[in-house]
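For reference, the structure discussed in these notes is given below.
Chains as they are written, first to last, in my numbering: chain A, 84 to 253; chain B, 87 to 607.
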């Protein structure tokens with residue numbers, strides 16, 4: 084018999100300016116086999132889809148008003164891996180929890196870009212850094228590409244941009 | 087909300103309304119009283135051939151060198167943008183020197199050839215070349231695509247520079263200061279048309295690859311369309327004044343066509359592009375969220391309507407009823423609604439900025455926006471009191487030097503250090519400690535120069551309103567002084583002179599060249 088999905092509301096954490104990622108991962112770890120997770124967030128947590136997808140959860144998201152989102156992560160039968168979209172076959176598709184979290188929203192350009200790249204230089208291959216930036220960092224993307232890093236990012240409601248960078252082979 | 091998919095290669099690197107009060111008198115100039123004999127046709131053939139040979143030569147050289155944009159860092163930097171900026175600043179200083187020396191308006195008539203020298207040195211040499219250089223750099227940022235055909239950028243600069251030289255010589259020829267049988271104005275017109283055509287080709291092809299266009303780019307698209315119309319109309323004037331073609335229809339309504347020419351130039355090409363770019367640059371430099379897109383799309387709509395009414399309605403009305411009063415009034419209504427909506431957006435960007443303190447380029451841009459809205463008020467007052475025709479010089483001066491020139495200088499103060507920083511320190515980002523962009527300039531020292539510039543322009547416009555050419559020249563001298571000081575600061579920024587020697591060049595960094603953005607490919 085399957086369990087009802089576990090409810091987790093991360094909106095208070097987000098409103099307080101916090102990082103809900105660890106709370107989500109703790110909740111995921113505490114799930115019983117076959118149990119799903121109902122997540123309430125103040126934005127559509129697209130980066131999570133990939134992370135939980137690789138752990139065998141299928142997301143179904145719907146907007147519930149005021150810009151809030153409810154995402155139901157249901158365990159898939161086989162716990163199948165999401166096919167890798169990377170063009171670097173030697174690196175697995177796992178995105179570990181960010182080793183570093185930085186907030187660059189109050190920095191004038193190009194300082195946010197410098198901070199993100201500084202953080203990537205300090206990390207080992209495969210580790211990730213999460214950063215909040217004042218806006219979509221169009222000048223940063225080609226530089227990340229140049230240095231062999233991968234990234235995924237999402238526009239936030241306040242106009243800022245959250246990016247997670249996974250350090251490439253050094 | 088927009089999400090980027092998990093990807094590594096997902097994002098690619100990416101009128102003066104009739105200042106020509108008596109311009110039609112120039113058709114009576116002795117130069118133009120020649121019979122349209124075979125000699126002119128011969129000269130025409132020769133210069134068209136020369137033109138083609140030079141343009142082709144430049145194209146071949148540039149393509150052979152395959153120069154254009156470089157990817158020294160991941161961020162695309164336009165190789166020739168600094169050359170565009172340098173040329174435009176030289177033209178600005180030249181124009182201000184002439185004004186301070188009493189050459190052209192207000193000492194000479196507003197439609198005198200001497201005035202036209204200053205007008206075109208300012209509108210083409212300073213403002214248009216500056217705008218082209220800025221667009222070559224920022225178009226990839228506006229549309230998230232690399233610049234198409236970067237090899238055409240340098241030939242465009244050569245053609246624009248030589249075209250301007252011929253055009254200015256043509257006006258000097260018209261003033262009687264030099265004697266020559268060459269149809270200099272027409273030659274200049276052809277070079278300029280070719281130069282702008284190359285620039286428009288590069289920019290339009292880049293825009294085309296990025297459809298559907300984001301809003302800032304839609305402003306630029308309209309601006310480029312105006313540039314093409316403006317260029318064709320300007321070239322027709324140049325050929326008329328050179329005596330190569332004849333058109334009674336245009337000659338009889340020259341004032342209104344010159345007004346259209348200026349409206350397309352100042353309003354359509356320069357201001358509309360400046361507004362579009364400001365929607366991207368201001369939030370970026372003020373750490374403010376982009377505007378909601380609703381007000382700004384109405385700014386685009388009303389502005390485009392004003393330009394369509396001007397460029398289609400004016401010639402049509404002249405052909406049908408002989409004057410363009412109704413079109414001008416409708417266009418002005420759209421213009422004022424646009425300005426009001428743009429003010430709403432500017433205030434919203436300023437209020438929603440994330441960081442309280444703003445940098446000098448934004449403070450100085452405040453002077454340019456003040457000039458824009460003061461010009462709008464002045465224009466309305468002059469039109470209401472029937473003084474628009476008589477006081478046009480003051481209005482155009484405030485728009486060109488206060489709004490467009492002020493915005494240009496203030497943003498160069500940010501763009502030049504920014505590009506220099508990216509060029510010099512970009513590859514070292516995160517790997518080695520580098521100076522900050524702010525360290526490349528000295529805001530405390532430079533603030534007063536911007537104050538002097540805007541005070542000079544404002545008091546210059548007032549002196550023109552009170553018909554005091556002597557005071558105007560003094561004010562022009564003050565703006566010249568401020569401009570030279572700002573240009574010196576830009577050169578110092580480019581040479582990294584404000585950075586302490588110990589931090590200036592970490593290992594792996596190279597001192598940038600003054601006019602060429604260069605680096606390892």
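In this text, a Cβ means the ideal position worked out from N, Cα and C, and glycines have one as well. The structure presented is a predicted model; accordingly, all values stated were derived computationally and were not measured.
Could you check the C-alpha separation between residue i and residue j for me, to the nearest Å?
i                      : j                      : result
residue 198 of chain A : residue 520 of chain B : 12 Å
residue 204 of chain A : residue 597 of chain B : 24 Å
residue 562 of chain B : residue 545 of chain B : 9 Å
residue 54 of chain A  : residue 182 of chain A : The structure shown does not extend to residue 54 of chain A, since chain A is modelled only from 84 to 253, so the question has no answer here.
residue 569 of chain B : residue 459 of chain B : 22 Å
residue 420 of chain B : residue 345 of chain B : 17 Å
residue 500 of chain B : residue 366 of chain B : 14 Å
residue 426 of chain B : residue 434 of chain B : 13 Å
residue 110 of chain B : residue 241 of chain A : Confidence at residue 110 of chain B is low in this model, with a pLDDT of 36, below 50, so the placement of that residue is unreliable and no value is reported for it.
residue 304 of chain B : residue 430 of chain B : 19 Å
residue 239 of chain A : residue 245 of chain A : 7 Å
residue 447 of chain B : residue 486 of chain B : 18 Å
residue 350 of chain B : residue 481 of chain B : 16 Å
residue 411 of chain B : residue 255 of chain B : 34 Å
residue 235 of chain A : residue 157 of chain A : 23 Å
residue 86 of chain A  : residue 117 of chain A : 7 Å
residue 153 of chain A : residue 218 of chain A : 25 Å
residue 587 of chain B : residue 506 of chain B : 16 Å
residue 565 of chain B : residue 533 of chain B : 14 Å
residue 170 of chain B : residue 281 of chain B : 13 Å
residue 196 of chain A : residue 220 of chain A : 8 Å
residue 138 of chain A : residue 121 of chain A : 16 Å
residue 382 of chain B : residue 432 of chain B : 10 Å
residue 224 of chain A : residue 230 of chain A : 10 Å
Is residue i near residue j, with beta carbons less than 7 Å apart?
i                      : j                      : result
residue 626 of chain B : residue 496 of chain B : The requested residue 626 of chain B is not part of the displayed model; chain B covers only 87 to 607.
residue 673 of chain B : residue 579 of chain B : No statement about residue 673 of chain B is possible, as the shown extent of chain B runs from 87 to 607 and does not include it.
residue 515 of chain B : residue 215 of chain A : no
residue 166 of chain B : residue 239 of chain B : yes
residue 453 of chain B : residue 492 of chain B : yes
residue 272 of chain B : residue 330 of chain B : yes
residue 125 of chain A : residue 97 of chain A  : yes
residue 119 of chain A : residue 95 of chain A  : no
residue 424 of chain B : residue 395 of chain B : no
residue 172 of chain B : residue 601 of chain B : yes
residue 479 of chain B : residue 550 of chain B : yes
residue 363 of chain B : residue 224 of chain B : yes
residue 308 of chain B : residue 358 of chain B : yes
residue 164 of chain B : residue 222 of chain B : yes
residue 111 of chain A : residue 103 of chain A : no
residue 188 of chain A : residue 113 of chain A : no
Just mark residue i as buried or exposed, buried being the case when its beta carbon has 16 or more other beta carbons within 10 Å.
i                      : result
residue 211 of chain A : buried
residue 150 of chain A : exposed
residue 294 of chain B : exposed
residue 407 of chain B : exposed
residue 531 of chain B : exposed
residue 234 of chain B : buried
residue 552 of chain B : exposed
residue 265 of chain B : exposed
residue 262 of chain B : exposed
residue 143 of chain A : exposed
residue 192 of chain B : buried
residue 254 of chain A : Given that chain A is displayed from residue 84 to residue 253, the structure contains no residue 254 of chain A and the question cannot be resolved.
residue 207 of chain A : exposed
residue 241 of chain B : buried
residue 593 of chain B : exposed
residue 574 of chain B : exposed
For residue i, go through chain D and note every residue whose CB falls closer than 7 Å to its CB, in chain order.
i                      : result
residue 227 of chain B : Reference to chain D is not applicable here, since the protein chains of this structure are A and B.
To be precise: take each residue of the region 436-464 of chain B, compare its Cβ to all Cβ atoms of chain A, and keep it if any distance is under 9 Å. Which residues remain?
438, 440, 441, 445
With three or more beta-carbon pairs closer than 8 Å as the criterion, would you say the region 206-218 of chain B touches the region 167-176 of chain B?
yes
Just by C-beta distance, which residues in the region 361-380 of chain B are closer than 8 Å to chain A?
369, 370, 371, 373, 374, 375, 376
According to a CB-to-CB cut-off of less than 8 Å, which residues of the region 513-539 of chain B neighbour chain A?
515, 516, 517, 520, 522, 523, 524
Are the region 182-190 of chain B and the region 216-225 of chain B touching by the rule of at least three beta carbon pairs closer than 8 Å?
no
Using 8 Å as the cut-off, can you tell me whether the region 372-380 of chain B makes contact with the region 398-410 of chain B, which would need three or more C-beta pairs spanning the two stretches below that distance?
no
Closer than 9 Å, Cβ to any Cβ of chain B: which residues of the region 180-204 of chain A, in chain order?
188, 189, 190, 191, 192, 193, 194, 196, 197, 198, 199, 200, 201, 202, 203, 204
At a CB distance below 9 Å, what residues from the region 205-230 of chain A approach chain B? Give them in sequence order.
205, 217, 218, 219, 221, 222, 223, 224, 225, 226, 227, 228, 229, 230
Looking at chain B, which residues of the region 114-146 of chain A have a Cβ within less than 7 Å of any of its Cβ atoms?
126, 127, 129, 133
Counting only Cβ-Cβ distances shorter than 7 Å, please list the residues of the region 324-340 of chain B near chain A, keeping chain order.
none
Three or more C-beta pairs below 8 Å linking the region 242-253 of chain B and the region 267-284 of chain B
yes
Taking beta-carbon pairs under 9 Å, can you tell me which members of the region 208-238 of chain B lie near chain A?
226, 227, 230
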